[in-house]
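Below: the structure, in structure tokens.
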Amino acid sequence: MAKIIDGERFKQMICAAAAAVDERKQEINELNVFPVPDGDTGTNMSLTMLNAARELEKLQSPTLGRALDVTASALLRGARGNSGVITSLLFRGMAKSLRACSEIDGAALAAAMTEGVQAAYKAVMKPAEGTILTVSRLAAEAAVKTARRDRDCEKVLAAAIEAARDVLPDTMEMNPVLKKAGVVDAGAYGWIIILDGMMSALTGTVRNFVVNLAKPQKALDMSADFSQFDTDEITFAYCTEFIAERRDKRRSVARLRSFLESLGDSVVVVDDDELVKIHVHTDTPDRALNAGLKFGPLSSIKIENMLMQHENKVKETAVKDLKKRVIAAPEQRYGFVAVAAGTGLSSVFTDLGADNVVSGGQTMNPATEDLLEAVDKTPSEVVFILPNNKNIEFASQQAAELSEKQVIVIPTATTPQGIAAMLAFDPDLDPQDNTAEMTRALENVKTGQITYAARDSAFEGRNIKEGDYLALLDGKLIANGRKFDDVARKLARAMIDRKSQFITVFRGEGSDAEKSAVLQESFSALAKSSEYNIVDGGQPVYSYIISVE
539 MAKIIDGERF KQMICAAAAA VDERKQEINE LNVFPVPDGD TGTNMSLTML NAARELEKLQ
599 SPTLGRALDV TASALLRGAR GNSGVITSLL FRGMAKSLRA CSEIDGAALA AAMTEGVQAA
659 YKAVMKPAEG TILTVSRLAA EAAVKTARRD RDCEKVLAAA IEAARDVLPD TMEMNPVLKK
719 AGVVDAGAYG WIIILDGMMS ALTGTVRNFV VNLAKPQKAL DMSADFSQFD TDEITFAYCT
779 EFIAERRDKR RSVARLRSFL ESLGDSVVVV DDDELVKIHV HTDTPDRALN AGLKFGPLSS
839 IKIENMLMQH ENKVKETAVK DLKKRVIAAP EQRYGFVAVA AGTGLSSVFT DLGADNVVSG
899 GQTMNPATED LLEAVDKTPS EVVFILPNNK NIEFASQQAA ELSEKQVIVI PTATTPQGIA
959 AMLAFDPDLD PQDNTAEMTR ALENVKTGQI TYAARDSAFE GRNIKEGDYL ALLDGKLIAN
1019 GRKFDDVARK LARAMIDRKS QFITVFRGEG SDAEKSAVLQ ESFSALAKSS EYNIVDGGQP
1079 VYSYIISVE
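In our numbering, the protein residues as written are 539 to 1087.
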């Protein structure tokens, strides 16, 4: 029996769990209650766990605290979709509980699992039972109960897995959507696979788990995106950059930033639990370095005399490269980060004023880190995030919490809602009033979507066959069938009313001239006085996205 877990064993457990969920991600995906082809829960949980495994593979014989910190950081920054974010929170709570330990027994493992559950429940605005939350909670409770009589880690984890498996079928009864579809919760099933993978490494019964390192995920970007400068306007001579280790955790990064601002300009400070990356333009780089030394040893020190850069051919080329970039003035008050899939949709948001557009949507939910990176690159005091997909909203909220900027997430569930929010923005209003106005604007737009069924399914009383056209109105299935004409007309009847004034159709993959004509005829026949526009969105999954205002 495995009575204790140390850093190396924990590393093996996470890598085994990542490999297990990656190997079985399609099983989890198949539990998706809706037949639209998308990234799905299994894919999101796999990408999230693999991000941690890749970072752990870089460690040689880590301490337990180190392994936990790397896991928690990598999971949170690589979290994709709601399932990925919740998974990251479960481990983040565990890391918080065990960070000071060199090794743990079953009692500490059970307590850490409980801490993880509490962190996940606390982060979810409206916790829904019959999900990964329920299964993880009951698994933790079983672990605590077992640990009271036996502190063996293997027995405690085995009890957690058994309890999770026992309650999994009950998730159908707890959640009406799952009950209608006749499936268990995909995220809960994924969590059991993760626990199973951890158990295999703990017991040594399976040793052939291999983490695929062929396509590494993005790590924490410790290289800040600094704004361009003109050598004719240089106030301070030395561009100073360095990294300081955070040996003294008590020191305040906020105070360091304030001190650097007193030394010069173009101050950028990026930090995580281990490092602080500093950039500043100053005439006294020695004082900046001394301030960093108070945190810990320095590395990657670079000091350049910007007034002499024109004399250096290499540095001159670097300056030209910087000038090619279009970067908004760093003093601007507001900025936008939007999520969009397809070059056409990305261009729409850029034209409306979005500073950064993150690629993502139904087929691939961007990671928390991707959203955080986009926020950091947006040179404004207040950043609004438009997730434009319900499954990306949670990761957006996590990015907002991680950022040092004031970040506000507008709960846009669709692309048309995101566009409506940007059109409602008023630069003269304060953040609170702008948030209210943009949120109210979401009520004035209807979103229709046409796609196809990726598999046979029974959903909401409908018998859906693979290849059927599916019509959705604000996320709800309203029509399906083999004939595009019939589905298009039913969608038009559901969307058009007396208030309909503007109809915009975004054409995506799978659209063609014949279907586009049918769609226009279906909508225009019911709204003859409405303005009708067609835009090449280029989005995957949905051949047509229709906005009606």
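Virtual Cβ for every residue (Gly too), placed ideally from N, Cα, C.
Inset, instruction - Would you mind working out which of L733, D994, A958 sits nearest K984, comparing C-alpha positions? - result: Counting from 1 along the sequence shown, the entry for residue 984 is found at position 446. Nearest of L733, D994, A958 to K984, Cα basis: A958.
Inset, instruction - Grab me the residues of R1000's own chain with a C-beta within less than 8 angstroms of its C-beta, minus the 5 sequence neighbours each way, in chain order. - result: As a first step, residue 1000 is located in the sequence shown; it is residue number 462 there, counting from the start. Contacts found: L1015, N1018.
Inset, instruction - Using 10 angstroms around the beta-carbon of V864, count the other beta-carbons present and answer buried if the total reaches 16, otherwise exposed. - result: Against the sequence shown, residue 864 aligns to sequence position 326. Reliability fails at V864, whose pLDDT of 38 lies under 50, so the model's placement of it is uncertain and no value is given.
Inset, instruction - Kindly indicate which three-state DSSP category E942 falls into: helix, strand or coil? - result: The residue given as residue 942 occupies position 404 in the sequence shown. If DSSP states are grouped into helix, strand and coil, E942 belongs with coil.
Inset, instruction - Please determine if the segment 732-745 and the segment 542-561 are in contact, where contact requires at least 3 C-beta pairs separated by less than 8 angstroms. - result: With the cut-off at 8 angstroms, the segment 732-745 and the segment 542-561 touch.
Inset, instruction - State yes or no: is the C-beta of R1036 within less than 8 angstroms of the C-beta of L1064? - result: Residue mapping note: residue 1036 aligns to position 498 of the sequence shown, counting from 1. Residue mapping note: residue 1064 aligns to position 526 of the sequence shown, counting from 1. The criterion of a C-beta distance shorter than 8 angstroms is not satisfied by R1036 and L1064.
Legend entry - Start-to-end residues for the alpha helix (DSSP H) that takes in R630: Translated into positions along the sequence shown, residue 630 becomes position 92. Unbroken alpha helix (DSSP H) run through R630: 619-636.
Inset, instruction - Could you pull the start and end residues of the alpha helix (DSSP H) that K1014 belongs to? - result: Locating residue 1014 in the sequence shown gives position 476, counting from the first residue. For K1014, no alpha helix (DSSP H) encloses it; the enclosing beta strand (DSSP E) starts and ends at 1014-1019.
Legend entry - CA-to-CA distance, L883 to S1054, given in whole angstroms: The residue you call residue 1054 lines up with position 516 of the sequence shown. The residue you call residue 883 lines up with position 345 of the sequence shown. Take the alpha-carbon of S1054 and the one of L883: they are about 17 angstroms apart.
Inset, instruction - Report whether the distance from the Cβ of K928 to the nearest heavy atom of the ligand PLP is below 7 angstroms. - result: This structure lacks the ligand PLP; in fact it carries no ligand of any kind.
Inset, instruction - Rounded to whole angstroms, what's the CA-CA distance from T820 to A938? Just pull it up for me. - result: As a first step, residue 820 is located in the sequence shown; it is residue number 282 there, counting from the start. As a first step, residue 938 is located in the sequence shown; it is residue number 400 there, counting from the start. One C-alpha to the other measures close to 30 angstroms.
Inset, instruction - Take every Cβ of the segment 584-592, pair it with every Cβ of the segment 780-789, and state whether three or more of those distances are shorter than 8 angstroms. - result: No, they do not touch.
Inset, instruction - Identify, in the order they occur along the chain, each residue of the same chain with its Cβ nearer than 8 angstroms to the Cβ of L602, setting aside the five sequence neighbours on each side. - result: Your numbering for residue 602 matches position 64 in the sequence shown. Answer for L602: I543, D544, G545, F548, L636, C639, S640, E641, I642, listed in chain order.
Legend entry - Bounding residues of the alpha helix (DSSP H) (the contiguous stretch that carries C691): What you label residue 691 is simply residue 153 of the sequence shown in a count that begins at 1. Residues 691-705.
Legend entry - Cut-off 7 angstroms between Cβ atoms - residues of its own chain near G1048, not counting five sequence neighbours on either side: The residue you call residue 1048 lines up with position 510 of the sequence shown. Contacts found: S1081.
Legend entry - Continuous beta strand (DSSP E) assignments of at least 3 residues falling wholly in the segment 771-804: Qualifying beta strand (DSSP E) stretches, in chain order: 776-783.
Inset, instruction - Just grab the DSSP bridge partners of A556 for me. - result: On the sequence shown, residue 556 is found 18 positions in, with the first residue counted as 1. Within the DSSP bridge table, the entry for A556 names no partner.
Inset, instruction - Report buried or exposed for A739, applying the criterion of at least 16 other Cβ atoms within 10 angstroms of its Cβ. - result: Position 201 of the sequence shown, counting from 1, holds the residue named residue 739. So A739 ends up on the buried side.
Inset, instruction - Starting from the Cα of S599, find the closest Cα among V921, Q550, Q564, L794 and give me that residue. - result: Reading the sequence shown from its first residue, position 61 is the one you call residue 599. Answer by Cα proximity: Q550.
Inset, instruction - Within the segment 981-1038, note down every full beta strand (DSSP E) run reaching 3 residues or more, in order along the chain. - result: Listed in chain order, they are 984-990, 995-997, 1000-1002, 1007-1011, 1014-1019.
Inset, instruction - Quick one: grab the DSSP three-state call for Q598. - result: Taking the first residue of the sequence shown as position 1, residue 598 is located at position 60. In the structure shown, Q598 sits in coil (DSSP, three-state: anything other than H, G, I, E or B).
Inset, instruction - Go through its chain and collect everything with a Cβ distance to T952's Cβ below 7 angstroms, but skip five positions before and after it. - result: Here residue 952 refers to the residue found at position 414 of the sequence shown. Spatial neighbours of T952 in its own chain (CB-CB distance under 7 angstroms, excluding positions within 5 residues in sequence) are listed in chain order as N926, T985.
Legend entry - Rounded straight-line distance, which links the Cα of P823 to that of E771: The count along the sequence shown starts at 1 and reaches residue 771 at position 233. The count along the sequence shown starts at 1 and reaches residue 823 at position 285. Any reading at E771 needs caution, since the residue's pLDDT is 44, under 50, leaving its predicted position unreliable; the model's value is listed next. Our two residues, E771 and P823, have alpha carbons roughly 19 angstroms apart in a direct line.
Inset, instruction - Check whether the Cβ atoms of I1002 and V1025 lie closer than 8 angstroms to each other. - result: Here residue 1002 corresponds to residue number 464 of the sequence shown, with the count starting at 1. Here residue 1025 corresponds to residue number 487 of the sequence shown, with the count starting at 1. Going by C-beta atoms, I1002 is not nearer than 8 angstroms to V1025.
Legend entry - With 16 other Cβ atoms within 10 Å as the buried cut-off, status of Q707: Counted from its first residue, the sequence shown places residue 707 at position 169. In the sequence as presented, Gln is not what sits at residue 707; that position holds Pro. Exposed, by the Cβ-count rule.
Legend entry - Straight-line Cα distance separating A892 from R978: As a first step, residue 978 is located in the sequence shown; it is residue number 440 there, counting from the start. As a first step, residue 892 is located in the sequence shown; it is residue number 354 there, counting from the start. Cα to Cα, the separation comes out at about 19 angstroms.
Legend entry - Selection from P714, L924, G742 that minimises the alpha carbon distance to L890: Within the sequence shown, numbered from 1, the residue matching residue 890 stands at position 352. Nearest option by C-alpha distance: L924.
Inset, instruction - Provide the residue span of the beta strand (DSSP E) that contains Q900, from first to last. - result: For the purposes of this step, residue 900 is taken as the residue at position 362 of the sequence shown. Segment: none, Q900 is in no beta strand (DSSP E) and carries neither H nor E.
Legend entry - The beta strand (DSSP E) enclosing G873, as first and last residue numbers: In the sequence shown, counting from the first residue as 1, residue 873 sits at position 335. In the DSSP assignment, G873 falls within the unbroken beta strand (DSSP E) covering 870-878.
Inset, instruction - Tell whether a beta-carbon distance below 8 angstroms holds between V886 and L909. - result: Along the sequence shown, read from residue 1 onward, the residue named residue 886 stands at position 348. Along the sequence shown, read from residue 1 onward, the residue named residue 909 stands at position 371. No, the Cβ-Cβ distance between V886 and L909 is not below 8 angstroms.
Inset, instruction - Within 10 angstroms of the Cβ of A666, are there 16 or more other Cβ atoms? Answer buried if so, exposed if not. - result: In the sequence shown, counting from the first residue as 1, residue 666 sits at position 128. It counts as exposed.
Legend entry - Under 8 angstroms between C-beta atoms of P965 and V920: Taking the first residue of the sequence shown as position 1, residue 965 is located at position 427. Taking the first residue of the sequence shown as position 1, residue 920 is located at position 382. Cβ distance not < 8 angstroms, so P965 and V920 don't count as in contact.
Legend entry - Secondary structure of D1074, DSSP reduced to three states: Walking along the sequence shown from the start, residue 1074 turns up at place 536. D1074 carries a strand assignment under DSSP once its states are collapsed to helix, strand and coil.
Inset, instruction - Have a look at N894 and E812 and give me their C-alpha separation to the nearest angstrom. - result: Here residue 894 refers to the residue found at position 356 when the sequence shown is read from its first residue. Here residue 812 refers to the residue found at position 274 when the sequence shown is read from its first residue. Rounded to whole angstroms, N894 to E812 spans 28 angstroms at the Cα level.
Inset, instruction - In the DSSP assignment, find the unbroken alpha helix (DSSP H) run with L1147 in it and report its ends. - result: Residue 1147 cannot be examined here, being either before or after the span of the chain that is shown, 539 to 1087.
Inset, instruction - Quickly, what does DSSP pair V1086 with across the bridge? List them, please. - result: Here residue 1086 refers to the residue found at position 548 of the sequence shown. Its beta-bridge partners are K984, I1041.
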